[in-house]
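> According to the numbering used here, the residues represented by the sequence shown are 6 to 80, in order.
We treat Cβ as the ideally placed atom computed from N, Cα and C, and that holds for glycine.
Pasting in a structure now, in structure tokens, and then I'll have a few things to ask.
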Amino acid sequence: MSEFDALCANDGDLADLRVRVRQFVAEDRDRFGWEPAIDSWLTSWDAGFSERLADAGFVGLTIPTEYGGHGLGFL
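What follows is the structure, encoded as structure tokens:
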């Protein structure tokens, strides 16, 4: 993978991924009642959210497949 490998913003697979991520976030927020914040990664850590994110398949999206990621390149 070169540093210029990237998905096209209009790619159908990327559009599907965006829909799935948005749906996951909306459902997770409704169920667990969290509010997004610009500095939330500095002020707290929600291991449960990270686990749910991984369970949904949204961890390692840009990591090459040979290292266990999804190999999507730069999003």
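Go ahead and label M6 buried or exposed: buried means 16 or more other beta carbons lie within 10 angstroms of its beta carbon, across all protein chains shown.
Within the sequence shown, residue 6 is the residue found at index 1, counting from 1. Bear in mind that the predicted position of M6 carries a pLDDT of just 47, short of 50, making it unreliable; the figure below should be weighed with that in mind. By the 10 Å Cβ count, M6 comes out exposed.
> With DSSP collapsed to three states, give me the class of L19.
Numbered from its first residue, the sequence shown carries residue 19 at position 14. L19 falls in the helix class under three-state DSSP.
> Give the secondary structure of F63 by DSSP, where H, G and I count as helix, E and B as strand, and everything else as coil.
Here residue 63 refers to the residue found at position 58 when the sequence shown is read from its first residue. Of the three classes helix, strand and coil, the one that applies to F63 here is coil, per DSSP.
> Which value, in whole angstroms, describes the spacing of the CA atoms of V24 and A61?
In the sequence shown, the residue the question calls residue 24 occupies position 19. In the sequence shown, the residue the question calls residue 61 occupies position 56. Answer to the nearest angstrom: the Cα atoms are 13 Å apart.
> Since F79 and T70 should fall inside the 8 Å C-beta cutoff, what is the C-beta to C-beta distance between them, to a whole number of angstroms?
On the sequence shown, position 74 is the one that residue 79 refers to. On the sequence shown, position 65 is the one that residue 70 refers to. About 15 Å separates the two Cβ atoms, so there is no contact after all.
> In whole angstroms, give me the CA-to-CA distance for S45 and D16.
On the sequence shown, position 40 is the one that residue 45 refers to. On the sequence shown, position 11 is the one that residue 16 refers to. Approximately 30 Å, taken between the alpha carbons.
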